[in-house]
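Undergrad: Sharing a structure here in structure tokens format.
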Amino acid sequence: MITLTRTGASENVALVTLNRPNALNALCRQLMQELSETLLTVEKDDSYRVIVLTGSEKAFAAGADIKEMAKLEFADVFQNDFFTNWDTLSRITKPVIAAVNGFALGGGTELALMCDIVYAGENAVFGQPEINIGTIPGLGGTQRWPRFTSKSIAMELCLTGDKISAQDAKEVGLVSKVFPTQQLVSEAVLLADRIAKNSPLIVKTVKNSVNSAYETSLNQGLQIEKQLFHSTFATNDRREGMTAFAEKRAPKWTSN
Ligand code: CO8
């Protein structure tokens with residue numbers, strides 16, 4: 002249900018594709034287990050620098066599998082922890098770009114919210130329709146929407162289940178760029194290539210620092226940023242980057 006393809010100009014981009022076409026990539030337990038394992042494989046493999054997460058042109062993911070969830074009781078989801086590892090994506094330290102075409106609903110939108118950058122195809126549709134089936138978002142929708150956009154947008158989407166277009170998602174700040182559907186994945190890979198050219202050590206440090214903005218007060222976040230900035234002065238890549246600038250040549254990163 003998940004395919005992993007090595008791609009990009011330097012073959013260091015992991016293209017992870019959700020592939021369950023007959024259910025619009027609905028997130029069932031097996032798919033999420035495979036996604037978690039694939040992400041952890043890529044995370045551990047230094048030959049991958051950046052991840053692009055995508056689905057099909059029709060659906061990124063139409064949410065958690067409602068037919069699978071319909072049979073569950075409280076004890077299944079709480080005591081037996083049915084949804085273990087569904088949030089692995091949020092713990093990946095390499096940059097993750099979501100390339101969203103088609104339906105990204107419920108858990109599909111929430112996967113996009115866990116990514117670092119979201120690119121959308123013109124046909125993308127986002128939303129949190131859980132309220133229409135008697136439940137609420139459970140993969141971060143009620144927490145990340147208000148942090149990344151606003152309380153008003155979060156409440157309106159989660160209380161109504163309304164769907165929004167790619168363009169609307171760009172206007173509220175979820176999506177950074179919108180592309181024609183068929184170009185989307187190649188544009189995401191081009192972006193991944195640009196990020197992959199930088200020092201992996203410093204890329205990881207940037208991601209760490211930006212993410213701290215969502216976990217801390219401004220003062221704590223500024224302290225973390227300053228400490229991380231200072232820490233770059235203990236790296237060869239910081240020395241190499243500044244020396245290469247002065248010598249008018251391209252830097253050669255060693256990631257130490
Ligand atoms: N679950 C199971 N099957 C689905 C799902 C889904 N979420 N979405 C689509 N499918 C299936 C359909 O049942 C259908 O299967 P079949 O052909 O066997 O009948 C097939 O995919 C094609 O779907 P449609 O015929 O419905 O296609 P349409 O183009 O007519 O409609 C829609 C597309 C609008 C996307 C429609 O399928 C739909 O509304 N789907 C449900 C969307 C939804 O409500 N998503 C939210 C689910 S709840 C959730 O995500 C909570 C996440 C919390 C996780 C917590 C972890 C800790």
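For the record, in the sequence shown the residue sitting at position 152 is 153 according to the numbering used here, with numbers rising by one throughout.
Just so it is clear, CB atoms sit at the ideal spot from N, CA and C, and this is done for glycine as well.
Give a single yes or no on whether F230 has its beta carbon closer than 7 Å to a heavy atom of ligand 1.
TA: On the sequence shown, position 229 is the one that residue 230 refers to. Not so, every heavy atom of ligand 1 lies at least 7 Å from the Cβ.
Undergrad: Since S232 is in the beta strand (DSSP E), which residue starts that stretch and which ends it?
TA: On the sequence shown, position 231 is the one that residue 232 refers to. Counting along the chain, S232 falls outside any beta strand (DSSP E), though it belongs to the alpha helix (DSSP H) covering 219-233.
Undergrad: Taking V78 as part of the alpha helix (DSSP H), name the residues at either end of that continuous run.
TA: Counted from its first residue, the sequence shown places residue 78 at position 77. First-last of the alpha helix (DSSP H) with V78: 75-78.
Undergrad: Which same chain residues end up closer than 7 Å to N13 when comparing Cβ atoms and leaving out the 5 residues on each side of it in sequence?
TA: In the sequence shown, the residue the question calls residue 13 occupies position 12. Result list for N13: S48, Y49, R50, A197, in chain order.
Undergrad: When the Cα of E123 is compared with those of K152, F61, R250, which residue comes out closest?
TA: Sequence index remark: in the sequence shown, residue 123 carries index 122 (1-based). Among K152, F61, R250, the Cα nearest to that of E123 is on F61.
Undergrad: Taking buried to mean at least 16 other C-beta atoms within 10 Å of its own C-beta, is V176 buried or exposed?
TA: Residue mapping note: residue 176 aligns to position 175 of the sequence shown, counting from 1. Its Cβ being crowded by 16 or more others within 10 Å, V176 is buried.
Undergrad: If you measure from the CB of I203, is any heavy atom of ligand 1 nearer than 7 Å?
TA: The count along the sequence shown starts at 1 and reaches residue 203 at position 202. No, the Cβ of I203 stays beyond 7 Å of every heavy atom of ligand 1.
Undergrad: Note down the Cα distance separating L5 from G222, rounded to an integer number of angstroms.
TA: Here residue 5 refers to the residue found at position 4 of the sequence shown. Here residue 222 refers to the residue found at position 221 of the sequence shown. Rounded to whole angstroms, L5 to G222 spans 35 Å at the Cα level.
Undergrad: Under 6 Å Cβ to Cβ from S91, same chain only, skipping five residues before and after it: list those, please.
TA: As a first step, residue 91 must be located in the sequence shown, where it is residue number 90. The residues are M115.
Undergrad: Helix, strand or coil for R250? Go by DSSP, reduced to three states.
TA: Reading the sequence shown from its first residue, position 249 is the one you call residue 250. Reduced to three states, the DSSP call for R250 is coil.
Undergrad: Find the nearest neighbour of G141 within the set Q183, G109, T182, L202, judged by alpha-carbon distance.
TA: The residue given as residue 141 occupies position 140 in the sequence shown. Among Q183, G109, T182, L202, the Cα nearest to that of G141 belongs to G109.
Undergrad: Provide the residue span of the alpha helix (DSSP H) that contains A193, from first to last.
TA: As a working note, residue 193 is residue 192 in the sequence shown. That run of the alpha helix (DSSP H) goes 185-197.
Undergrad: Could you give the residue range of the beta strand (DSSP E) that holds A15?
TA: The count along the sequence shown starts at 1 and reaches residue 15 at position 14. That run of the beta strand (DSSP E) goes 14-19.
Undergrad: For Y120, which residues does DSSP report across the bridge?
TA: Counted from its first residue, the sequence shown places residue 120 at position 119. Looking at the DSSP assignment, Y120 forms a beta bridge with A100, K178.
Undergrad: Return yes when the C-beta of F127 is under 7 Å from any heavy atom of ligand 1, and no when it is not.
TA: Start at 1 with the first residue of the sequence shown, and residue 127 comes out as number 126. F127 Cβ: outside cutoff for every heavy atom of ligand 1.
Undergrad: Just to check my reading of the structure: I98 and A193 have Cβ atoms closer than 8 Å, yes? What is that Cβ distance to the nearest angstrom?
TA: Locating residue 98 in the sequence shown gives position 97, counting from the first residue. Locating residue 193 in the sequence shown gives position 192, counting from the first residue. The pair is a contact, with the Cβ atoms about 6 Å apart (cut-off 8 Å).
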